[in-house]
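Inspection log for the structure reproduced underneath, given as structure tokens.
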Amino acid sequence: MDPDAVARAFVEHYYRTFDTNRAGLAGLYQDSSMLSFEGEKIQGAAAITAKLTGLQFQQCQHNISTIDCQTSGPAGGVIVFVSGSLQLAGEHHALKFSQVWNYLYLGLFFLHRMFHLIPTPQGSFYVLNDIFRLNYA
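Read in order, the letters of the sequence shown are residues 118 to 254 in the working numbering.
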């Protein structure tokens, strides 16, 4: 298993699905999964899916800047850290980045997200841990 390939494929699938059909993310979580979203802790696939589909903004576009990953434990898990920006519908401002820190600029939200992926017996992965935080300037 190439953890970089797993991370890239997962991130592309996750954000494409988030941006076009959030309910489709349900299959990536299990009852043991945990989401920390802006400090709120949510457990279980149904509750996580309800949170993500119930967000105030319905149209958005994720722009990924970096993907970092590490293997995790003997079972073949992968920890994935993503940074980038979240463009909300109706916003047309240019993206602004710094090397280490990401900032909010004129309605454009910069984000950090961490996923902990665990292999399944069927050969795929599910999200055990998911941490999301917007970075405000």
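A virtual CB, placed ideally from N, CA and C, is assigned to each residue, including glycine.
* **Residues sharing a beta bridge with T188, DSSP** => Indexing the sequence shown from 1 puts residue 188 at position 71. DSSP lists V195 as partners of T188.
* Asked: Residue range of the alpha helix (DSSP H) that D121 falls in?
  -> If you number the sequence shown from 1, residue 121 lands on position 4. From DSSP, the alpha helix (DSSP H) with D121 extends over 120-137.
* Asked: To which residues does DSSP link P236 through a beta bridge?
  -> To locate residue 236, count along the sequence shown from 1; it is residue 119. F242, per the DSSP bridge assignment.
* Opening and closing residue of the beta strand (DSSP E) in which L169 lies -> Along the sequence shown, read from residue 1 onward, the residue named residue 169 stands at position 52. First-last for L169: 162-170, but that is the alpha helix (DSSP H), not the beta strand (DSSP E).
* Integer Cβ distance of Y243 from S150, believed to fall under 8 Å -> Walking along the sequence shown from the start, residue 243 turns up at place 126. Walking along the sequence shown from the start, residue 150 turns up at place 33. That belief holds up - the Cβ atoms of Y243 and S150 are roughly 7 Å apart, short of 8 Å.
* Asked: Roughly how many whole angstroms lie between the Cα atoms of Y136 and A164?
  -> Walking along the sequence shown from the start, residue 136 turns up at place 19. Walking along the sequence shown from the start, residue 164 turns up at place 47. Correcting the residue identity first, residue 136 is Asp in this sequence and not Tyr. About 19 Å.
* **L152: first and last residue of the uninterrupted beta strand (DSSP E) it sits in** => Within the sequence shown, the letter at position 35 stands for residue 152. Residues 146-154.
* Just how far apart, CA to CA, sit F198 and F232? -> Counting from one through the sequence shown, the residue named residue 198 turns up at place 81. Counting from one through the sequence shown, the residue named residue 232 turns up at place 115. Going from the Cα of F198 to the Cα of F232 covers about 6 Å.
* **Distance between I184 and V123 (C-alpha atoms, nearest Å)** => For the purposes of this step, residue 123 is taken as residue 6 along the sequence shown, with counting starting at 1. For the purposes of this step, residue 184 is taken as residue 67 along the sequence shown, with counting starting at 1. Taking the straight line from one Cα to the other gives about 11 Å.
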